[in-house]
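Remarks on the structure that follows.
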Amino acid sequence: MKNYFSLFACVFFTFFCLTEAVFAQRGTGTQGELVKLASPLPRNTDWGRALDRMAGEWARVTNNAVRLEIIHDGREGTEARMLSSMATNNIQAAIFTSFGISDFCPAVMTMSIPFHIRNDNEFNEVFKEIQPILDAQIRRTNFHVVSWSNNGSVYIFSKNQVLVPDDLRRHRLASSPEATSMNSVFRAMRFNLVEADNLELGQRLASDMINAIYQIPLAVAPLRLHRSVPHMLDLPIAPVLGGIVINRVTWDKISPEHQRAITNVTQRIVAEFDATLPRANANALAMMRRDGLTVNQLNGTQEAQWRTLVETAMPSLLGAMYDRDIYNRINVILARIRSGR
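Add 7 to the 1-based position in the sequence shown for the working numbering, that's all there is to it.
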């Protein structure tokens, strides 16, 4: 999941296609500071086009003092590889999911505890209060998050109907080898994991090496993976949090004025794109349903089994996989939201 949600990606690695990296815009004056940003997403998508537009905006708001080169299509490899390249300054920025960000800010994974945050409204309210804590922790690292992004939630897609945890235990659930935190949670809940890179999902589903996956609908639909896993559990597992990250040495070379301008324009473009994702995921889900996908609804008793499962596993995970203080803060916020206060 580190290659997707590498689940932003999660979340979107299933869209890979190799093309040449290009300059989104070339400065006409002095060369200025060059920032190479690696993206796991294809250039010929709405997100790829948004990144190209962002590159143009960086040049505009800094009067070409900062030029952004987008390396599309996952050419820089996995999130771990991108992070390593940023550390050595071979690239200066990249798009990460919370799994990649967790390598330098482990607390971020507390936002993605399975079956904890239940919908986008809860996520948005929680993140408003938790983001300053995460930003403060990241300021003590060699990286800087220019903009955060909410890419929706991942769901379980399976070969056979899944309604309760025991149903999923009869499946072979694919998980990225880099998604160490999520893998630990699933193993603690006694699910049968098979490590598989997102690029291998189609092949492994066809050979029946795996028969269940967790992805956002928008990542499943284009490759028709739902034809191999034609059941979807209508219960969000966890939100897919991501961010545009730049290494500290490059960010500190940019003047405070230009930092503010870059931050403002980047956050505006990301917010505009994020706003389109619920409809895009809904459209992907509608297409898959027309193509034979069954969306399995749960009753209250069945849903409670999933939440109880996570609650039972949490004592062994708090402090090890998840930040205890942030977890407690999230619970206070969720209680306030759910009580209508």
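We put the CB at the ideal spot given by N, CA and C, even for glycine.
What's the C-alpha gap between Q222 and V247?
Here residue 222 corresponds to residue number 215 of the sequence shown, with the count starting at 1. Here residue 247 corresponds to residue number 240 of the sequence shown, with the count starting at 1. Rounded to the nearest whole angstrom, the C-alpha separation of Q222 and V247 is 10 Å.
Query raised in the report: Looking at the unbroken beta strand (DSSP E) that takes in E40, where does it start and where does it end?
Result: Against the sequence shown, residue 40 aligns to sequence position 33. E40 to A45 is the extent of the beta strand (DSSP E) around E40.
Sequence-distant residues of its chain with Cβ nearer than 6 Å to A228 (five each side left out):
Position 221 of the sequence shown holds residue 228. Taking A228 as the centre and dropping the five residues before and after it, the same chain places the C-beta of A291, M294 and M295 closer than 6 Å to its C-beta, in chain order.
**Request:** Drop a sphere of 10 angstroms on the beta-carbon of D330, count the other beta-carbons inside from all chains shown, and report buried for 16 or more, exposed for fewer.
**Result:** Here residue 330 corresponds to residue number 323 of the sequence shown, with the count starting at 1. Counting of Cβ neighbours within 10 angstroms places D330 among the buried residues, the total reaching 16 or more.
Mapping the DSSP letters down to three states, classify R331 as helix, strand or coil. Taking the first residue of the sequence shown as position 1, residue 331 is located at position 324. Three-state DSSP puts R331 in a helix.
Given this structure, state the Cα-to-Cα distance separating I140 from E279, to the nearest angstrom.
The count along the sequence shown starts at 1 and reaches residue 140 at position 133. The count along the sequence shown starts at 1 and reaches residue 279 at position 272. So the two alpha carbons sit approximately 24 Å from each other.
Checking 9 Å against the spacing of the C-beta atoms, do R231 and D298 come in under that value?
Reading the sequence shown from its first residue, position 224 is the one you call residue 231. Reading the sequence shown from its first residue, position 291 is the one you call residue 298. R231 places its beta carbon less than 9 Å from that of D298.
Relative to the C-alpha of A327, which candidate in S183, N97 and V192 has its C-alpha closest? Within the sequence shown, numbered from 1, the residue matching residue 327 stands at position 320. With distances taken between Cα atoms, A327 lies closest to V192.
- Task: Taking M89 and A45 to be in contact with their CB atoms under 8 Å, please state how far apart those CB atoms are, rounded to whole angstroms.
- Result: As a first step, residue 89 is located in the sequence shown; it is residue number 82 there, counting from the start. As a first step, residue 45 is located in the sequence shown; it is residue number 38 there, counting from the start. Contact check for M89 and A45: beta-carbon distance about 5 Å, within the 8 Å limit, so the pair qualifies.
* Segment limits, alpha helix (DSSP H) that includes H265 -> Residue numbering aside, residue 265 sits at position 258 when the sequence shown is read from its first letter. Counting along the chain, H265 sits inside the alpha helix (DSSP H) bounded by residues P263 to R297.
Specify the secondary structure class of A31 as computed by DSSP and reduced to three states. Locating residue 31 in the sequence shown gives position 24, counting from the first residue. Low confidence applies to A31: its pLDDT is 36, below 50, so where it sits in the model is not reliable, and the reading given next is rough at best. Secondary structure at A31: coil, using DSSP grouped into helix, strand and coil.
Would you say A213 and L200 are within 9 Å of each other, going by their C-beta atoms? Taking the sequence shown and counting its residues from 1, the one referred to as residue 213 is at position 206. Taking the sequence shown and counting its residues from 1, the one referred to as residue 200 is at position 193. Not a contact, by the Cβ cut-off of 9 Å.
Q.
Threshold first: 3 residues or longer. Then list the beta strand (DSSP E) segments lying entirely within the region 84 to 125, N to C.
A. Listed in chain order, the complete beta strand (DSSP E) runs (minimum 3 residues) inside the region 84 to 125 are 100 to 104.
(request) Tell me whether R50 is buried or exposed, calling it buried when 16 or more other Cβ atoms sit within 10 Å of its Cβ. (result) Position 43 of the sequence shown holds residue 50. Counting Cβ neighbours within 10 Å, R50 comes out buried, since at least 16 surround it.
Fill in: D110 versus N149, D174 and H79, residue with shortest Cα-Cα distance
Translated into the one-based positions of the sequence shown, residue 110 becomes position 103. The shortest CA-to-CA distance from D110 to any of N149, D174 and H79 is the one to N149.
Proximity to R177 [Cα-Cα], best of L240, A219 and L206 = Taking the first residue of the sequence shown as 1, we reach residue 177 at position 170. Sorting L240, A219 and L206 by C-alpha distance to the C-alpha of R177 places A219 at the top.
### Query
Across which residues does DSSP place Q138 in a beta bridge pair?
Locating residue 138 in the sequence shown gives position 131, where the first residue counts as 1. Partner(s): none; Q138 has no beta bridge.
Could you tell me the alpha carbon to alpha carbon distance between Q168 and H233, rounded to whole angstroms?
Position 161 of the sequence shown, counted from the first residue, corresponds to residue 168. Position 226 of the sequence shown, counted from the first residue, corresponds to residue 233. Approximately 13 Å, taken between the alpha carbons.
| request: Just mark T80 as buried or exposed, buried being the case when its beta carbon has 16 or more other beta carbons within 10 Å. | output: Walking along the sequence shown from the start, residue 80 turns up at place 73. Reading the sequence as shown, one finds Asp at residue 80 and not Thr. Result: buried.
* Asked: By DSSP, does R314 sit in helix, in strand, or in coil?
  -> As a position in the sequence shown, residue 314 is number 307, starting the count at 1. Helix at R314.
- Query: Within 10 angstroms of its Cβ, does T308 collect 16 or more other Cβ (buried), or is it exposed?
  - Reply: One-based indexing of the sequence shown puts residue 308 at position 301. Exposed.
Review point. Span of the beta strand (DSSP E) holding S156?
Key: Numbered from 1 along the sequence shown, position 149 holds the residue referred to as residue 156. F150 to S165 is the span of the beta strand (DSSP E), which, as asked, contains S156.
How big is the Cα-Cα spacing for I77 and Q312?
On the sequence shown, position 70 is the one that residue 77 refers to. On the sequence shown, position 305 is the one that residue 312 refers to. About 44 Å.
query: Below 9 Å between beta carbons: does that hold for S183 and D204?
result: To locate residue 183, count along the sequence shown from 1; it is residue 176. To locate residue 204, count along the sequence shown from 1; it is residue 197. Their beta carbons are under 9 Å apart, which means S183 touches D204 by this criterion.
Pull up the distance between the alpha-carbon of D59 and that of I333, whole angstroms please. For the purposes of this step, residue 59 is taken as the residue at position 52 of the sequence shown. For the purposes of this step, residue 333 is taken as the residue at position 326 of the sequence shown. Whole-angstrom Cα-Cα distance: 35 Å.
Jot down the residue ranges of each uninterrupted beta strand (DSSP E) in the region 208 to 243, minimum 3 residues, whole runs only, in chain order. Runs of the beta strand (DSSP E) inside the region 208 to 243: 219 to 222 and 238 to 240.
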